[in-house]
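> Structure provided below as structure tokens; questions to follow.
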Amino acid sequence: MGIIQNPVLPGFHPDPSILRVGDDYYIATSTFEWYPGVRLHHSKDLVHWRALGGVLTDQLDMTGNPDSGGVWAPCLSYADGTFYLVYTDVKSYAGGFWDTPNHLVTAPAIEGPWSEPVPLHARGFDPSMFHDDDGRSWLLSNRTDWRPGRPWANGIIIQEYDRARRRLVGEPVDLYAGTAAGMTEGPHLYRKDGWYYLVTAEGGTEWFHQVTVARSRELLGPYRTDPDTPLLTSVHRPDLTLQKAGHGSLVDTPDGEWFLAHLTGRPLGLRGRCILGRETAIQRVTWTGEGWPRIDGGVPHEQVPGPGLPAHPWPDEPETDDFTSPALGPHWSTLRRPPSPDWLSTGSGRLRLTGGRSAAALSGESLVARRVQHQRVTFEATVEFEPSQYQQMAGITAYYNSRNWYFLRIGWDEQDGPMVDVLASDRGRVTLYGPAVPLDGPARLRLELEGGALRASYGDVEWGPFDASILSDEYAQESDGGVPRTWGFTGAFFGLWAQDMTGGGITASFSAATYKPHP
Ligand code: 6LW
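Following my numbering, the numbering of the sequence shown begins with 3 at its first residue and continues without gaps.
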């Protein structure tokens, strides 16, 4: 029996939905403004996971949104030889107005081909699909409320989905109002031993987060909450490494062992900032004689005895991406637009980016990045770039969102010509950090993260230490009079970035991108 070492998906992997099909386990996680639009992972033993890549939802317009628009809380399910993936393409939440169109894509195999999206309703977010034993399918979600002074969501709703006609039918009905913990969302429905079990996320996705379970003999309720609610939370245990435990989904093994995949966060210090974003962990679940699920102590554990399944380790991801493949590796994401030949090409040892718009544009940026998954890690890449204008720059970045980033860049100015320095943005306040070091051919640029400190270097020259904690969910959240303008729902990234504000589209070339955790 292997040990599940949590988090199983370190770095930005929130809102996990876990699914077993035969001997294979899959997890889908949210991506917000990053492509691919839904991120998928595969395991055969719940211990070893690998990124499968994602489902590119090209029809999504991730531009012009607050930074955390985009794909929320995908849910993967399976019926009659078909994978069902539902997700919310969040268009707005700022000011309390929710526009949350839900979509369904289907595929005969996890690798695809995925269908064109079927539009569902936009009444609320965190959709999931439940396939009942009688062949009927149901869409669940929360329901949002824009009215000032009201809770922003008021419970879980359910509506029938007709699989043959590929559309919603009937009317949505209220399923569950939630508990006093409030903010009831992330619904997943399961059938076991004659009960329908409704698993929800409550308390909001931060320190008060929890997993709540309710059950009913009838699909449409009434649902009674577990008298010993919640199933899981870290709210009373700020000392634990795994915080924010909530938003869970259940899975069983062929031998009848049960597990819960759930969201967690690992702050810098006691309830400090989470630069790794919200991550995915797995806990072991047992059932009481009365048929309620239990997790040891009701809290998240870093090490969990795995199921009785043969070990199935995947080959290690190489530390350095040499860009020999004509496609981007599965650990890379792109910002707000899918990779396409008009701005990105890879192969023969190079990643070439056509300079895009500035960080503030919220569209047309040329940024290729990977999740920061360790609190102590070095990221470096070789950059070849020949700017001739101060509006052109390329280099490597430690990036949270359009307002919070550090950019170790090759730039140009009238005095120095091509040079290397650090440009940074802290809640939108932009600062240039010298010295400006003359550029000498291809530049090996390096960023080093040590907990809350970030250092940049080129040759013998070092910039920083900078405050890395601004690259966190907590710092990214900004509000207007208590109403969120931008939420911090993603996590820090390391990336390769090219900008050309002349609109001329100068090319930058990147090679040997190395991500190396410190021992
Ligand atoms: C998600 C909601 C939540 O849709 O945070 O963790 C929201 N819970 O369920 C954004 O990830």
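Every residue gets a Cβ at the ideal spot worked out from N, C-alpha and C, and that includes glycine. Given the structure is predicted, the values throughout are model-derived calculations rather than measurements.
Just reading off the alpha helix (DSSP H) that residue 475 is part of, what are its end residues?
In the sequence shown, residue 475 corresponds to position 473, counting from 1. Where residue 475 is concerned, the enclosing alpha helix (DSSP H) stretches over 475 to 478.
> Which residue from 193, 220 and 264 puts its Cα closest to that of residue 212?
Numbered from its first residue, the sequence shown carries residue 212 at position 210. Selected option, being the one with the closest Cα: 264.
> So the candidates are 147, 512, 157 and 161; which of them puts its Cα closest to the Cα of residue 122?
By 1-based counting over the sequence shown, the position of residue 122 is 120. It is 161.
> Which value, in whole angstroms, describes the spacing of the CA atoms of residue 480 and residue 493?
As a position in the sequence shown, residue 480 is number 478, starting the count at 1. As a position in the sequence shown, residue 493 is number 491, starting the count at 1. Between residue 480 and residue 493, the C-alpha separation is close to 15 Å.
> Can you say whether residue 31 is buried or exposed, counting buried as having 16 or more other CB atoms within 10 angstroms of its CB?
The count along the sequence shown starts at 1 and reaches residue 31 at position 29. Per the 10 Å Cβ criterion, buried.
> From what residue to what residue does the beta strand (DSSP E) around residue 43 run?
For the purposes of this step, residue 43 is identified with residue 41 of the sequence shown, where counting begins at 1. Taken as a continuous stretch (DSSP letters only), the beta strand (DSSP E) holding residue 43 covers 40 to 45.
> Would you say the beta carbon of residue 16 comes nearer than 7 Å to a heavy atom of the ligand 6LW?
Your numbering for residue 16 matches position 14 in the sequence shown. Yes; taking the cut-off as 7 Å, the Cβ of residue 16 has a heavy atom of the ligand 6LW nearer than that.
> Please name the residue or residues paired with residue 194 in a DSSP beta bridge.
On the sequence shown, residue 194 is found 192 positions in, with the first residue counted as 1. Partner(s): 197.
> Would you list the residues sitting across from residue 394 in a DSSP beta bridge?
Counting from 1 along the sequence shown, the entry for residue 394 is found at position 392. Its beta-bridge partners are 502.
> So residue 510 and residue 355 are in contact, right, with Cβ under 8 Å, and what is the actual spacing, rounded?
In the sequence shown, residue 510 corresponds to position 508, counting from 1. In the sequence shown, residue 355 corresponds to position 353, counting from 1. About 5 Å separates the two Cβ atoms, so the contact holds.
> If the criterion is Cβ atoms closer than 8 Å, does the pair residue 132 and residue 90 meet it?
Counted from its first residue, the sequence shown places residue 132 at position 130. Counted from its first residue, the sequence shown places residue 90 at position 88. Taking 8 Å as the Cβ cut-off, residue 132 and residue 90 do not qualify as a contacting pair.
> Please state if the CB of residue 59 and the CB of residue 39 are separated by a distance shorter than 8 Å.
The residue labelled residue 39 in the question sits at position 37 within the sequence shown. The residue labelled residue 59 in the question sits at position 57 within the sequence shown. Their beta carbons are under 8 Å apart, which means residue 39 touches residue 59 by this criterion.
> What residues match up with residue 26 in a beta bridge as DSSP calls it?
Position 24 of the sequence shown, counted from the first residue, corresponds to residue 26. Paired residues: 23.
> Please list, in chain order, all residues of the same chain as residue 169 whose beta carbon is under 8 Å from its beta carbon, the five residues on each side excluded.
Sequence index remark: in the sequence shown, residue 169 carries index 167 (1-based). Answer for residue 169: 120 and 163, listed in chain order.
> Would you kindly check if the distance between the Cβ of residue 207 and the Cβ of residue 180 is under 8 Å?
On the sequence shown, position 178 is the one that residue 180 refers to. On the sequence shown, position 205 is the one that residue 207 refers to. No.
> So, under 8 Å CB-CB, residue 451 and residue 378 are touching, yes? Tell me the CB distance rounded to an integer number of Å.
What you label residue 451 is simply residue 449 of the sequence shown in a count that begins at 1. What you label residue 378 is simply residue 376 of the sequence shown in a count that begins at 1. With 8 Å as the limit, residue 451 and residue 378 qualify as a contact, their Cβ atoms being about 6 Å apart.
> Return the Cβ separation of residue 429 and residue 382 in integer angstroms, given the expectation that the two are a contact with Cβ distance under 8 Å.
Here residue 429 refers to the residue found at position 427 of the sequence shown. Here residue 382 refers to the residue found at position 380 of the sequence shown. With 8 Å as the limit, residue 429 and residue 382 do not qualify as a contact, their Cβ atoms being about 27 Å apart.
> Between residue 200 and residue 505, what straight-line distance do the alpha-carbon atoms span, to the nearest angstrom?
Stepping through the sequence shown from its first residue, residue 200 is reached at position 198. Stepping through the sequence shown from its first residue, residue 505 is reached at position 503. Spanning the two alpha carbons is a distance of roughly 51 Å.
> Can you give the Cα-Cα distance for residue 76 and residue 427, rounded to whole angstroms?
If you number the sequence shown from 1, residue 76 lands on position 74. If you number the sequence shown from 1, residue 427 lands on position 425. Spanning the two alpha carbons is a distance of roughly 31 Å.
> Can you tell me which of 19, 258, 52 and 421 puts its alpha carbon nearest to the alpha carbon of residue 289?
Counted from its first residue, the sequence shown places residue 289 at position 287. Ranking the options by Cα distance to residue 289, first place goes to 258.
> By the three-class DSSP mapping on this structure, what secondary structure does residue 471 have?
Residue 471 sits at position 469 when you count from the first residue of the sequence shown. Helix, per DSSP.
> Report yes if the CB atom of residue 496 is closer than 8 Å to the CB atom of residue 425, and no otherwise.
Locating residue 496 in the sequence shown gives position 494, counting from the first residue. Locating residue 425 in the sequence shown gives position 423, counting from the first residue. The answer is no: Cβ separation not under 8 Å.
> Going by beta carbon distance, what residues of the same chain come within less than 6 Å of residue 309, once the five residues before and after it are set aside?
Walking along the sequence shown from the start, residue 309 turns up at place 307. Taken in chain order, the residues that qualify are 48, 255 and 259.
> Less than 8 Å between the CB atoms is what I'm expecting for residue 423 and residue 411, so what's the real figure, rounded?
Position 421 of the sequence shown holds residue 423. Position 409 of the sequence shown holds residue 411. Indeed, because the Cβ distance is near 7 Å, the residues count as touching under 8 Å.
> Relative to the ligand 6LW, is the shortest distance from any of its heavy atoms to the C-beta of residue 221 smaller than 7 Å?
Translated into the one-based positions of the sequence shown, residue 221 becomes position 219. Answer for residue 221: no, Cβ out of range of the ligand 6LW.
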